[in-house]
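The structure under discussion appears below in the form of structure tokens.
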Amino acid sequence: MSPRPLIVLFATGGTISSLTSQDAAQGYAPALAGEDLLSRIPGHADIARVEVTDFSRVVSQDLTLDMVIGLCRQVNRTLSRPDVAGVVITHGTGTLEDTCFLADLFVRGDKPVVGTGAMFNASWPEWDGRRNILDALAAAASPESRGKGVLVCMNGEVHAARDVVKMHASSPAAFVSPGTGPLGCVDDGRVIYYRAPTRRHTFPSEAIEPEVELIKVAQGSSDRLFRAALHLGVRGVVIEGLGGRGTIPGWFFPAIREALTQGVPVVLCTRSPVGRVAFTVSASMVELGEMGVIPGGDLPAHKARLLLMAALAHTRKVEAIRSIFATVAP
Ligand code: ASP
Numbered sequence: 632m633s634p635r636p637l638i639v640l641f642a643t644g645g646t647i648s649s650l651t652s653q654d655a656a657q658g659y660a661p662a663l664a665g666e667d668l669l670s671r672i673p674g675h676a677d678i679a680r681v682e683v684t685d686f687s688r689v690v691s692q693d694l695t696l697d698m699v700i701g702l703c704r705q706v707n708r709t710l711s712r713p714d715v716a717g718v719v720i721t722h723g724t725g726t727l728e729d730t731c732f733l734a735d736l737f738v739r740g741d742k743p744v745v746g747t748g749a750m751f752n753a754s755w756p757e758w759d760g761r762r763n764i765l766d767a768l769a770a771a772a773s774p775e776s777r778g779k780g781v782l783v784c785m786n787g788e789v790h791a792a793r794d795v796v797k798m799h800a801s802s803p804a805a806f807v808s809p810g811t812g813p814l815g816c817v818d819d820g821r822v823i824y825y826r827a828p829t830r831r832h833t834f835p836s837e838a839i840e841p842e843v844e845l846i847k848v849a850q851g852s853s854d855r856l857f858r859a860a861l862h863l864g865v866r867g868v869v870i871e872g873l874g875g876r877g878t879i880p881g882w883f884f885p886a887i888r889e890a891l892t893q894g895v896p897v898v899l900c901t902r903s904p905v906g907r908v909a910f911t912v913s914a915s916m917v918e919l920g921e922m923g924v925i926p927g928g929d930l931p932a933h934k935a936r937l938l939l940m941a942a943l944a945h946t947r948k949v950e951a952i953r954s955i956f957a958t959v960a961p
């Protein structure tokens, strides 16, 4: 019998590791270390040998980008160990897709990395952390997960980090890949894939340019937040435009031209959860394309921001950044 694979579990906190305080009115907070999680899931030993790294014990909104970069570095170091088959990251669901997408840009090699979380905390009988951790371990231990980039395993589904978003704030079926669907599933412990991701870009080092802002445009929005960001010296801006493929009001165009003239790349995304930005349809979109705005494709704006941050840390050439976006989100 071949030995069970060794999976390293990085525990970062989140609802999956949380307990309700004595005074239930005070709510719940991260309390469990990685070993505490495993002790609640006896079945884990049938899937893999699990080594735990307690990275942090925080709600995911309190994870800074510096912490996430540090996590990606530790994951890369761990995966370079020949005895390690894969990694599982337990994480708050609030920014699970963000950390996993950044890790997808930075984690090198073919070994599986699987993020997971829970919608119900560990004090509750409905705690979904048990199933999600077991499924994530199964996905990380499966040779079929190799080469698929960073994955997110929730509620029996396996998603690509690039595609997945938390679509529902509280449902156990909160995570979906809106335009593409999941890559596969974990069914009774069996990991099954139906398709593989094709749009990955991996950076040679874990670094980001922090001076990038995301600005959401609503109907009738003024350009003042965009101008304020420019004035404050941002190195890049992502605009989340409206539903018409990311359209933005014409009165934004002069400020965008100024940004581009100053060499500040501007990426445009759409607020529609499905579909892509294209500079080919309406006259105003054609004009934005001619100005040199970079289309964010089908990436949600919060992921486009992370991609722009990573790209800017590796190149200042707008054309190189444009081609990275064309690879990840054509
Ligand atoms: N507040 C939590 C977090 O993101 C939500 C969760 O884990 O579901 O850490």
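Residue 632 is where the sequence shown starts when you use my numbering, and the numbers rise one by one after that.
Even for Gly, the Cβ is constructed at its ideal location relative to N, Cα and C.
Residue i CB to nearest heavy atom of the ligand ASP below 6 Å
i    : result
T958 : no
S711 : no
G665 : no
T695 : no
G725 : yes
G920 : no
S721 : With the sequence shown as reference, residue 721 is identified as Thr, and Ser is not the correct amino acid for it. No, since every heavy atom of the ligand ASP falls outside the 6 Å radius drawn around the Cβ of T721.
T643 : no
G748 : yes
T646 : yes
Option nearest residue i by Cα separation, candidates the options
i    : options                : result
R761 : R831, G674, M698       : G674
D693 : T684, L669, P931, T724 : T724
D766 : A753, V959, G815, P756 : G815
R821 : P661, S652, I678, V795 : I678
I846 : V868, P828, T829       : V868
P828 : D741, L856, E842       : D741
R888 : V781, S913, R858       : R858
D794 : T651, V865, A769, G906 : G906
T706 : I638, A660, S691       : Strictly speaking, residue 706 in this sequence is Val, with Thr absent from that position. Ranking the options by Cα distance to V706, first place goes to I638.
G780 : G894, H832, P803       : H832
D950 : G894, V689, P931, I720 : Reading off the sequence, residue 950 comes out as Glu, not Asp. Cα-wise, what sits closest to E950 is G894.
F883 : V843, L856, E844, A932 : L856
A932 : V796, T709, S915       : V796
P841 : V689, A957, A944       : A944
S670 : P634, I764, T709, A791 : I764
H790 : R826, V917, A772       : R826
I672 : Q653, A909, L768, P774 : L768
V753 : A770, L650, R866       : A small correction: the amino acid at residue 753 is Ala; Val does not occupy that position in the sequence shown. Comparing Cα positions, the closest option is L650.
Buried or exposed by the 16-neighbour rule on C-beta atoms within 10 Å, applied to residue i
i    : result
L640 : buried
D818 : exposed
M798 : exposed
P636 : buried
I823 : exposed
A960 : buried
D714 : exposed
V912 : exposed
S776 : buried
T892 : exposed
D759 : buried
T721 : buried
P756 : exposed
P896 : buried
A890 : buried
Distance cut-off 6 Å: residue i Cβ against heavy atoms of the ligand SAH
i    : result
S691 : Judged by which ligands are present, the ligand SAH is missing from the structure shown, whose ligands are the ligand ASP.
Practice task
Count the C-beta pairs between the segment 924-938 and the segment 722-740 that are closer than 8 Å, then say yes if the count reaches three, no if not.
Solution key: Short answer: they touch.
Exercise for the section: Let me know the alpha helix (DSSP H) ranges lying completely inside the segment 743-814, each 4 residues or longer, listed in chain order. Expected result: 760-772
Problem - Cβ contact (3+ pairs, closer than 8 Å) linking the segment 741-753 and the segment 642-651 - result: yes
Exercise for the section: Report yes or no: do three or more beta-carbon pairs, one from the segment 723-733 and one from the segment 693-705, lie closer than 8 Å? Expected result: Yes, the segment 723-733 is in contact with the segment 693-705.
Exercise for the section: Mind the definition here: the segment 865-876 touches the segment 892-906 only if three or more C-beta pairs lie below 8 Å; say whether that holds. Expected result: yes
Practice task
For the segment 833-840 and the segment 805-814, state whether three or more C-beta atom pairs, one from each stretch, are separated by less than 8 Å.
Solution key: no
Problem - Uninterrupted beta strand (DSSP E) stretches inside the segment 673-699 (no shorter than 3 residues) - result: 680-689
Practice task
Could you tell me whether the segment 877-890 touches the segment 851-860, where touching means 3 or more Cβ pairs closer than 8 Å?
Solution key: Yes, they touch.
Practice task
Decide yes or no for the touch test of the segment 777-794 against the segment 676-693: beta carbon pairs closer than 8 Å, at least 3 of them.
Solution key: no
Practice task
Enumerate, from N- to C-terminal direction, the unbroken beta strand (DSSP E) stretches of 3 or more residues contained entirely within the segment 814-876.
Solution key: Taken in chain order, the unbroken stretches of beta strand (DSSP E) that lie wholly in the segment 814-876 and span 3 residues or more are 815-818, 821-824, 843-847, 867-872.
Problem - Minimum length 3: unbroken beta strand (DSSP E) runs contained in the segment 698-722 - result: 715-721
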